[in-house]
Structure formats: structure tokens, C-alpha cells
Amino acid sequence: MAQLTSLSLTVIMTNSPILLSIIVIIFFYLVVCNFLYVLILLKVIPTTKTKISSGDCVLLITAHPDDECMFFSPALLDLSQTCEIHVICTTTGDYCKQGAIRKKELLKSCQILGIPKQHVQVFDDSSFPDDPKAIWDAKKLLSKILACIKQIQPNHILTFDAKGVSGHPNHIAVSEVIISSSFFWLESPQIYQLESISLLRKYLGILDLPCSLASGHPMFVLSPLNILKAQ
20 MAQLTSLSLT VIMTNSPILL SIIVIIFFYL VVCNFLYVLI LLKVIPTTKT
70 KISSGDCVLL ITAHPDDECM FFSPALLDLS QTCEIHVICT TTGDYCKQGA
120 IRKKELLKSC QILGIPKQHV QVFDDSSFPD DPKAIWDAKK LLSKILACIK
170 QIQPNHILTF DAKGVSGHPN HIAVSEVIIS SSFFWLESPQ IYQLESISLL
220 RKYLGILDLP CSLASGHPMF VLSPLNILKA Q
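Anchor point for the sequence shown: position 153 equals 172 in my numbering, and the numbering is continuous, going up by one each time.
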């Protein structure tokens, strides 16, 4: 039966040059992506084309507990090795009335990512709740964030872009406030916004490497060990 199956497959491929070409192209693409991944891990191909230097202070501003690991773990795991990292989470993630639990999970997550709990601040304010339908008090949030920035004095800020990565209104609200707050800084920290990409690209893994490299944007790539840590 095995010989018959093998023979049948050979006949199909021989009589279908288009199918054979597609298989060859897919195989070649997989080889290229894996080769690029190895070169990136070996630092042969530079990917973190940022102005972030060793010893800098980096502030991550997110909307919910779990944003830090779902969206920013590659950057945090990389930067926490050489930089001082701070995290501001603008809600407790209390949409399902589990804010206290999610806050503890956030602190634990940050610890795994190399960020001490004393560098993590969580806002618990009804003016900007964890609710995709809520309209946040942007002025109040701006005031609180500016106070934190004055205290922390970061060299760089990481946050969402205008589309919020997942399209969540709270993510978008955070991005808008961060951009507006930049007008109040005498010496503006460098702002890095996580690029929103298509759903397909989000789940391609290393198969997206050619697209990401072609974009020319700074990016952080996890090693296999850090992939396990981020999970």
C-alpha cells in the first residue's frame, strides 16, 4: 500500500508541473526563512535599528495586563538585559471583574520578562476603565502619564500605534494620549510604536521574516528559549 501511495504521488507530481513548482517554491521559502532566523540569532543580520543604548531607561505604556507579554515580550526580553525597563498599565484589566487577579499576573509576567515589580505601575481609575465601549477621560490620563514620565524620565517610550495592533479602542486611546503628550516634553523621549499588521502576518511566525526585514522597521526576534519564556 505504501508503494502504491508513493507511486500515485509521483504520477500526480509528474503530470502537474504547476503543483510541483508550487511545492518547490514553498520548500525554498521555508529554507530561506529558517536561514534568515539563524542569521538573526547569530546577529549577522541587524534587526534592532534603534537609538536605544545600553543603560538607557525605557518606558512601556500599555492598556491591559497581558499586553506586555502578548505584544511586547520580544522587545522587553531583549532590552531588559541592558536597559532599565519601566511599565505603566493604564487599567487593571477589570472588564470581567478580575482586576486584582490580573494585576498580580501582570507583576509576575513582568518579573519573568526581567522587570522588577517596583518598576511597574498600574492605574486603577474609573475615568479610563477596561472597556472597549467606554470613552476615556483623555485629559486626566494625559495628566497621570505626564506625571509618571516626569518621575521616571525615560529615554525611550514603547506603546501601540494608531491602530492599536489588535484594533482595541483602549489600545488606540493609549496611543493617542502618548502622541499628544509629546507636545508637553521639553526633551522628548524617542517614541516607538508597535506596528499593526494583518491577521495573517501575525500568525506566520518566522515565515513573516522576509516581510518584516523588507519594511526596514526596527524589530526584535525571540530565540527558541525566549519563546518558551514569553509563553
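Note that beta-carbon positions come from the ideal geometry of N, C-alpha and C, so glycine has one too.
Please read all numbers here as calculations on a predicted model, not as lab measurements.
For leucine 61, the three-state secondary structure derived from DSSP is coil. By alpha-carbon distance to histidine 175, the top candidate from Ser199, Ile120, Asn189, Ser207 is Ser207. With a cutoff of 8 Å on beta-carbon distance, threonine 111 and proline 237 are scored as not near each other. Judged by DSSP in its simplified three-state form, leucine 132 adopts coil rather than helix or strand.
CA-to-CA, the gap between isoleucine 191 and arginine 121 works out to about 21 Å. Here valine 184 carries a helix assignment [DSSP, helix/strand/coil]. Here leucine 96 carries a helix assignment [DSSP, helix/strand/coil]. Measuring C-alpha to C-alpha distances from tyrosine 211 to each of Leu61, Phe54, Val77, Ile45 identifies Val77 as the nearest. Isoleucine 225 and asparagine 53 have their C-alpha atoms roughly 7 Å apart. When C-alpha distances from alanine 82 are compared across Thr101, Gln209, Gly183, Leu219, the shortest belongs to Gly183. Straight across, the Cα-Cα distance linking proline 93 with serine 145 is about 31 Å.
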